[in-house]
Amino acid sequence: MFIPPNRNEPTLPESAAGHAECPLDDAMGNSHPVSLVAKTKSQQHIGSGRGSESRITSRKLGSSISAPLRAGYLGPINSITIAGDGHPEGSAAQASSSSYADPSQEVEELLECLREFPLINGSIHEYYTISQAAVVPAPFIQRALAEIEVTYDVITAENLRQPLSEVAATIIENTRQPFEVPPECDGNRFHELFTGPCLRLEVLGLIYALAGRSISFGFPYHFSRSQDGTCSPAQISQKMLAASDLAIQVCKSLSPVNDLFLWLVHENLLLSKMLQGDSSSVTWHRLGELSTYIFELGLHREPGPDNETTSRPARFLLESRRRLFAGAYQLDKSFCSLLGRPPRIPWRYSNCRMPLDGSDEALGSEANLLEAQNLKVDGNGWSVTPVFQRASWIRLRFIISTYREEILELSLQRSTPERTRQLRDVSRRCAEAWESLPSHLHYKPSCWETKLPISVKLMLVISYLTYLHNEFLVQKLLVLDDNERDDGYVHLATGASPALISVSSAILTTVLALGKQQEHSVDIRRDFNWIILHYGFPSASVLVKALQLQAGQRITQPTAKNNTQSLPTPIPSPTLSNRSALLRDLSVFIFHLESMAQLDQSNRALLARAARSFARDLDDILEPSPGGGLSPALEVEDETHEEEGAVALRSEQLVRIHENEITDQGSSAGDYMTTLGLDLDFGLGSGLDDLAFLDTVDFTATQLPDQFLI
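Under full-length UniProt numbering, the first residue of the sequence shown carries the number 1, and numbering increases by one thereafter.
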């Protein structure tokens, strides 16, 4: 059972006074702006006729805004709170020194993007129908889309249209108001605070980011609804990324950080990850922004019952914040373990509870229905009824990620007996936490034969791989501890322990099991691509090195002076229980890399180089050339292809064999390799180091080398 460490409850600062005037406020005697639709009855449209695609990427900056932005959450030991106010004096420093003096033109550009609303609406609804991983609860987005459709009708009607400038002015004025959610508000009416006459810029940017991801996942039957027939789905997704980027920049100038803005930044980060790559500097910076805003709003701290400076948020909002924090936390650990960088959201400074295992529909319902739903969980917060829902996966991945953070911290320490003890302790506790999870959330290979939705099967695989990768990192560090010597060398590659080989094989087998399914569903192609990158790379690298070691080859290692030297094997070779099956799996893995390198624009260079390196070393293990170099069958004919991101496929025969492997599960590993013309008992050479570039990728403690940053 996962039990978060006990924390002292903080004193939260007083929240910003006032909130946007909306229909919800009428019940409290507040007025609200005139409806966007009502305005159209007295005004004719004066169309701008301006296109949005070219302008959406042209960002114009003006002088700093005149109104200061509040400092946001202040911790219990802060030294700048003014008594009786809860906010620091002189918080004008929060205002951007380089922001939009008059964002009217930028907001009009964002409204122009709304002309793609039929495509946006259809894609997002399809995404929420399929996805099990969405963090923003579905009812809030679906109801917002229904309201935004009214605005879309206003700006596109042929006869009676409202000028974009007036719609933009109303949105700007709404966005300038602090976004406050009254404690008595429930999820059923939450959307009224940021749509209709209260339409805010944050929600426009949010739906653009969601649409970009939805279109990137590929729903071709919706793309026919695009108003711009000259753009491909990839171009539309890029346009949505630029639009959400622009929305973020403008919102930062207009309003303090709020829940809507955090959702926008989170979804923009995921879209940037898809389109610009996991190792993109832009993506990494956006992750830093998300963590900063989470701390600024105070999502990392649970509101305490003794906090007298502010009322406890509405229950649905509190649960939504917990979901966002948990989702951002695990995303942070995923990036950090891939890039070997320190975590941006450390758990040691947080006491935010996990969200309850409830449905999205409950969050978007009336307060009494939400309370009834919350009674249907056990003492650990899990639903008493076995069910697959988004909150379940958020909780599961958060739990596993807390152990990932411990592993990342230990990876930065020196190798000592104490570190070894701590690593084994983390491994034990992580395994216990995994076993304590509800059994229906455990991945089983037999799930592929069931009628579960593909999205559920995908989340079962991802969650299991996340757990296995924790053990992989632990075993890798334990090998490092066992084989670090006083001669200045680190003998990681030559010390593949049975435990490390076992978990690496389990990871690779699971990744390839998912790869077979993508032949039957285009919906998981992008998920499979990043799974290959996060989990397939490190495990396959360990297994190839183990094969080299078993073959008696010499492994190139970095020395203490950052030079390279070919070292003889210093310890007994590892035992590989099923070498032929391992060779088969690695061959199929290489095929996936080659295929992805031709399709994945964001990570093309990394995938292409990895495919060549894995293929060369595997080929030399099976058919070593006299000099221990690259076999002729795998020579790259034109090196300019590498710059263009193209990959020479291993052979047409391998493609055919791979296709047979997908459809014919009965063929043996021996038959598979024999058909390739590879004799498993062939004499093996030595001196290969084609995977040397992967040695520079330390998946626990270092940054990706510059040549990977694309």
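Ideal placement from N, C-alpha and C gives every residue a C-beta, glycine not left out.
Lys273: first and last residue of the uninterrupted alpha helix (DSSP H) it sits in: Indexing the sequence shown from 1 puts residue 273 at position 273. Its alpha helix (DSSP H) spans residues 259-276.
Per-residue burial, Asp486 [other beta carbons within 10 Å of its own, 16 or more giving buried]: In the sequence shown, the residue the question calls residue 486 occupies position 486. The predicted position of Asp486 is uncertain, since its pLDDT is 41 and thus under 50; a value taken from the coordinates is nonetheless stated next. By the neighbour-count rule (16 or more Cβ atoms within 10 Å), Asp486 is not buried but exposed.
What is the DSSP secondary structure of Ser497, counted as helix, strand or coil? On the sequence shown, position 497 is the one that residue 497 refers to. Correct three-state label for Ser497: coil.
Taking only the alpha-carbon atoms, compute the straight-line gap between Thr416 and Val474 and give it to the nearest angstrom. Locating residue 416 in the sequence shown gives position 416, counting from the first residue. Locating residue 474 in the sequence shown gives position 474, counting from the first residue. Answer to the nearest angstrom: the Cα atoms are 14 Å apart.
Assuming Leu593 is part of the alpha helix (DSSP H), what are its boundary residues? As a working note, residue 593 is residue 593 in the sequence shown. Segment 579-599, the alpha helix (DSSP H) holding Leu593.
Does the beta-carbon distance from Phe335 to Leu287 come in below 8 Å? To locate residue 335, count along the sequence shown from 1; it is residue 335. To locate residue 287, count along the sequence shown from 1; it is residue 287. Taking 8 Å as the Cβ cut-off, Phe335 and Leu287 qualify as a contacting pair.
Between the beta-carbon of Ile590 and the beta-carbon of Ala608, is there less than 8 Å? Position 590 of the sequence shown, counting from 1, holds the residue named residue 590. Position 608 of the sequence shown, counting from 1, holds the residue named residue 608. Cβ distance not < 8 Å, so Ile590 and Ala608 don't count as in contact.
Taking 7 Å as the limit between beta carbons, can you name the residues of its chain near Asp585, skipping five residues before and five after? As a first step, residue 585 is located in the sequence shown; it is residue number 585 there, counting from the start. The answer, listed in chain order, is Leu508, Thr509, Leu512.
Return the residue from the list Leu264, Phe190, Ser455 that minimises the CA-CA distance to Ala211. Position 211 of the sequence shown, counting from 1, holds the residue named residue 211. Per the Cα distances, Leu264.
Select from Leu275, Asp153, Ser123, Cys113 the residue whose C-alpha is nearest the C-alpha of residue 717. Nothing can be reported for residue 717: it is not among the residues displayed for the chain, which extend from 1 to 710.
Does the Cβ-Cβ distance between Ile248 and Ser123 come in under 8 Å? Taking the first residue of the sequence shown as 1, we reach residue 248 at position 248. Taking the first residue of the sequence shown as 1, we reach residue 123 at position 123. No, Cβ-Cβ distance for Ile248 and Ser123 is not below 8 Å.
Give me, in chain order, the residues of the same chain whose beta-carbon lies closer than 6 Å to that of Pro438; leave out the 5 immediate sequence neighbours on both sides. Start at 1 with the first residue of the sequence shown, and residue 438 comes out as number 438. For Pro438, same chain residues with a beta-carbon under 6 Å away, outside a window of 5 residues either side, are Trp382 in chain order.
Which residues in the same chain have their Cβ closer than 7 Å to the Cβ of Asn470, if we skip the five residues on either side of it in sequence? To locate residue 470, count along the sequence shown from 1; it is residue 470. Cβ neighbours of Asn470 beyond the five flanking positions: Ile400, Tyr403, Arg404, Ile407, Cys430.
Return the residue from the list Ala243, Gln142, Arg312 that minimises the CA-CA distance to Glu184. Reading the sequence shown from its first residue, position 184 is the one you call residue 184. Ranking Ala243, Gln142, Arg312 by Cα distance to Glu184 puts Arg312 first.
Counting only runs of 4+ residues fully inside the segment 308-368, write out the alpha helix (DSSP H) ranges in chain order. Correct list: 315-339, 360-363.
State buried or exposed for Glu418, treating a residue as buried only when at least 16 other CB atoms are found within 10 Å of its CB. In the sequence shown, the residue the question calls residue 418 occupies position 418. With fewer than 16 Cβ atoms within 10 Å of its Cβ, Glu418 is classed as exposed.
Smallest Cα separation from Asp278: which of Glu623, Arg526, Asp619, Leu622? Along the sequence shown, one-based indexing puts residue 278 at 278. Of the listed residues, the one whose Cα sits closest to Asp278 is Arg526.
Comparing C-alpha positions only, which one of Ser255, Trp448, Ile345 sits nearest to Gln177? Taking the first residue of the sequence shown as position 1, residue 177 is located at position 177. For the residues Ser255, Trp448, Ile345, the minimum Cα distance to Gln177 belongs to Ser255.
Do His300 and Val135 have their C-beta atoms within less than 8 Å of each other? Reading the sequence shown from its first residue, position 300 is the one you call residue 300. Reading the sequence shown from its first residue, position 135 is the one you call residue 135. It is not a contact, given that the beta carbons lie outside the stated cut-off.
Could you round the C-beta distance between Glu116 and Leu164 to whole angstroms and report it? I think they count as a contact, below 8 Å. The sequence position of residue 116 within the sequence shown is 116, counting from 1. The sequence position of residue 164 within the sequence shown is 164, counting from 1. That pair is no contact at about 15 Å.
Would you list the one or two residues that DSSP bridges to Val377? For this step, residue 377 is matched to residue 377 along the sequence shown. In the DSSP output, where bridge partners are listed per residue, Val377 has Ser383.
Would you call the segment 388-400 in contact with the segment 126-143, where contact means no fewer than 3 C-beta pairs closer than 8 Å? yes
Rounding to the nearest angstrom, what Cα-Cα distance links Ser433 and Asp360 in this structure? Counted from its first residue, the sequence shown places residue 433 at position 433. Counted from its first residue, the sequence shown places residue 360 at position 360. Ser is not the amino acid found at residue 433; the sequence shown has Ala there. When rounded, the distance between both Cα atoms is 25 Å.
Under the three-state DSSP convention, the category Gly212 falls into: In the sequence shown, the residue the question calls residue 212 occupies position 212. Correct three-state label for Gly212: helix.
Look at Glu147 and Thr195 and say whether their C-beta atoms are less than 8 Å apart. In the sequence shown, residue 147 corresponds to position 147, counting from 1. In the sequence shown, residue 195 corresponds to position 195, counting from 1. Cβ atoms of Glu147 and Thr195: closer than 8 Å.
Take Leu271 as the anchor and find which of Ala209, Tyr152, Val426, Val250 has the nearest alpha-carbon. Counted from its first residue, the sequence shown places residue 271 at position 271. Nearest of Ala209, Tyr152, Val426, Val250 to Leu271, Cα basis: Ala209.
Assign Gly304 to one of three DSSP states: helix, strand, or coil. As a first step, residue 304 is located in the sequence shown; it is residue number 304 there, counting from the start. In the structure shown, Gly304 adopts coil according to DSSP, grouped into three states.
Applying the 10 Å Cβ sphere with the 16-neighbour rule, what's the burial state of Ser587? One-based indexing of the sequence shown puts residue 587 at position 587. Buried, since its Cβ has 16 or more Cβ neighbours within 10 Å.
What does a CB cutoff of less than 7 Å around Asn121 pick up in its chain, not counting 5 residues either side in sequence? Translated into the one-based positions of the sequence shown, residue 121 becomes position 121. Excluding residues within five positions, the ones whose Cβ falls inside 7 Å are Leu145, Glu149.
Are the CB atoms of Leu500 and Lys516 nearer to each other than 8 Å? Here residue 500 is taken as the residue at index 500 of the sequence shown, counted from 1. Here residue 516 is taken as the residue at index 516 of the sequence shown, counted from 1. No, the Cβ-Cβ distance between Leu500 and Lys516 is not below 8 Å.
Indicate the three-state DSSP secondary structure (helix, strand or coil) for Tyr443 in the structure shown. In the sequence shown, the residue the question calls residue 443 occupies position 443. Tyr443 falls in the coil class under three-state DSSP.
So, at 6 Å on beta carbons, what are the nonlocal neighbours of Ile171 in its own chain, with the 5 sequence-adjacent residues on each side left out? Within the sequence shown, residue 171 is the residue found at index 171, counting from 1. Correct list, in chain order: Val107, Leu199, Leu201.
What residue range is occupied by the uninterrupted alpha helix (DSSP H) comprising Asn121? The sequence position of residue 121 within the sequence shown is 121, counting from 1. The continuous alpha helix (DSSP H) containing Asn121 extends over residues 117-130.
Would you mind sorting Gly47 into buried or exposed? The rule is 16 or more other CB atoms within 10 Å of its CB. Here residue 47 is taken as the residue at index 47 of the sequence shown, counted from 1. Note that Gly47 scores a pLDDT of 39, beneath 50, so its modelled location is shaky and nothing firm can be said.
I want to see whether chain C comes within less than 8 Å of Ser279, judged by CB atoms only; does it? Looking at the structure shown, chain C is missing, and only one protein chain is on hand.
So, using beta-carbon positions, are Asn374 and Gly358 closer together than 8 Å? In the sequence shown, residue 374 corresponds to position 374, counting from 1. In the sequence shown, residue 358 corresponds to position 358, counting from 1. Cβ distance < 8 Å, so Asn374 and Gly358 count as in contact.
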